[in-house]
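**Q** Per this note's numbering, residue 1 is the first one in the sequence shown, and the count goes up by one each step.
We put the beta carbon where it would ideally sit given N, CA and C, even for glycine.
Since we're looking at a predicted model, the values are computed, not measured.
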Amino acid sequence: MKLPHDFSCGALDLVSASERATDEPDDRIEWEKALYSSDVFRMYYMKILPCFKRCVHDWTECPFAHQQEKVRRRDPRVHTYTGVACPSMKNSGSCHMGVHCPFAHNMFEYWLHPTRYRTQLCSNGSSCRRATCFFAHRPEDLRIPDSKPYISPASLSAAAAAALAGSR
1 MKLPHDFSCG
11 ALDLVSASER
21 ATDEPDDRIE
31 WEKALYSSDV
41 FRMYYMKILP
51 CFKRCVHDWT
61 ECPFAHQQEK
71 VRRRDPRVHT
81 YTGVACPSMK
91 NSGSCHMGVH
101 CPFAHNMFEY
111 WLHPTRYRTQ
121 LCSNGSSCRR
131 ATCFFAHRPE
141 DLRIPDSKPY
151 ISPASLSAAA
161 AAALAGSR
């Protein structure tokens, strides 16, 4: 999948999506908006691929990962982890197991995981104004959750105990 990535930081990149004029059609903006809001992009690329922009920009609105971000994600196709919150992260805010932990370490790993993303309806429905919403806005947008990765309950219990033991 080739992703558009404007490294030059033109005028469009310095203005947030919400500040852009909507009465002037811009095919690139519409195309990027459709791509960045797609299920595949959000589950497998959002806050995983590094941002290579060479200018200061609002990384909270950028779909790419930045070193200073706490919501940087592991690729669920590479790292075997579940859409279940890490007990150690919940308890102490850190996990000594790092990328080897079978649990989600932040909100984006939790909600954008293929077993969880858009498997529930948004409470705001079509009135939702979130820039990134993890929920389906119409019944036809609901996804059947992926069953992979399968991690046995015994393995998860052992990992949870190890994660909690390491956070003490």
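Of all the options G125, P139, R54 and V99, which has the alpha carbon lying nearest to the alpha carbon of D75?
**A** When each option's Cα is compared against that of D75, the closest is V99.
**Q** Inspect the CB distances between the segment 60-71 and the segment 37-49 and report whether three or more fall short of 8 angstroms.
**A** Enough Cβ pairs lie closer than 8 angstroms, so yes.
**Q** May I ask you to report which of helix, strand or coil DSSP gives L49?
**A** DSSP places L49 in coil when its eight states are reduced to three.
**Q** When the cut-off is 8 angstroms and only beta carbons count, does T82 lie next to chain C?
**A** Reference to chain C is not applicable here, since this structure consists of a single protein chain.
**Q** Helix, strand or coil for A136, going by three-state DSSP, please let me know.
**A** Correct three-state label for A136: strand.
**Q** Identify the continuous alpha helix (DSSP H) that holds M43 and give its terminal residues.
**A** M43 -> alpha helix (DSSP H) spans D39 to Y44.
**Q** Do you know offhand how far A162's Cα is from P114's?
**A** Each residue's Cα considered, the two are about 25 angstroms apart.
**Q** Would you kindly work out how many angstroms separate the C-alpha atoms of S157 and V84, rounded to a whole number?
**A** Going from the Cα of S157 to the Cα of V84 covers about 12 angstroms.
**Q** For L142, does the three-state DSSP call read helix, strand or coil?
**A** Three-state DSSP puts L142 in coil, outside helix and strand.
**Q** Does the beta-carbon distance from C86 to C101 come in below 8 angstroms?
**A** Taking 8 angstroms as the Cβ cut-off, C86 and C101 qualify as a contacting pair.
**Q** Using the Cα positions of Q68 and D39, report the straight-line distance between them to the nearest angstrom.
**A** If you take the alpha carbons of Q68 and D39, they lie about 25 angstroms apart.
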